[in-house]
Amino acid sequence: AKFRSGTVIDDAIRGIEARLASAADFPPLSVTELPDDGRLYSLSNRRLFMWRVLANRGALRQVDVVVYPFSSRLVQRKWARSFSTQNGGACVAVASDFAHDQWPRRPRARVPPPPQAARPFVSRSGTTSRPE
Numbered sequence: 001a002k003f004r005s006g007t008v009i010d011d012a013i014r015g016i017e018a019r020l021a022s023a024a025d026f027p028p029l030s031v032t033e034l035p036d037d038g039r040l041y042s043l044s045n046r047r048l049f050m051w052r053v054l055a056n057r058g059a060l061r062q063v064d065v066v067v068y069p070f071s072s073r074l075v076q077r078k079w080a081r082s083f084s085t086q087n088g089g090a091c092v093a094v095a096s097d098f099a100h101d102q103w104p105r106r107p108r109a110r111v112p113p114p115p116q117a118a119r120p121f122v123s124r125s126g127t128t129s130r131p132e
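Counting in UniProt numbering, the sequence shown runs from 1 upward without gaps.
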């Protein structure tokens, strides 16, 4: 996947991680606040994807955003195209080697070892019995 400028998203991610580029080299994220729920939604899905990946890989802590009123002409023009989602905007679909890094890594669950089978009690006399 590419940005409108022609830059390949994966190349941009690698460049920022290698410090050959910075977040300042990209326009701020365009967002709007949905009047019904007050949550912010991105109108810049490819940039949102890149920022999520970089944040989850520890290469970025914050980004600049521009908040546009939902009623603005820009938002109305881009809304249908940017927010064509099946998951409420929780995920951005981008063809990328980094697609799996869009989500924070969760620590692996510690699986407790299986319980040890009760060992039979062997008395000094050599007879087997269960402990009391």
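Ideal Cβ positions, reconstructed from N, Cα and C, are used throughout, including at glycine.
Segment limits, beta strand (DSSP E) that includes Leu29: 29-33
At least three beta-carbon pairs within less than 8 Å, the segment 59-79 to the segment 90-101: no
Contact check, Leu48 vs Ser42, beta carbons under 8 Å: In this structure, Leu48 places its C-beta atom within 8 Å of the C-beta atom of Ser42.
Three-state class that DSSP yields for Leu40 in the structure shown: strand
Cβ pair Ile9, Arg57 closer than 8 Å: Not a contact, by the Cβ cut-off of 8 Å.
Alpha-carbon spacing of Lys78 relative to Phe70, whole angstroms: 11 Å
CA nearest to the CA of Ala1, picked from Leu74, Ala93, Trp103, Arg105: Ala93
In DSSP terms, what Val65 is bridged to: Leu29
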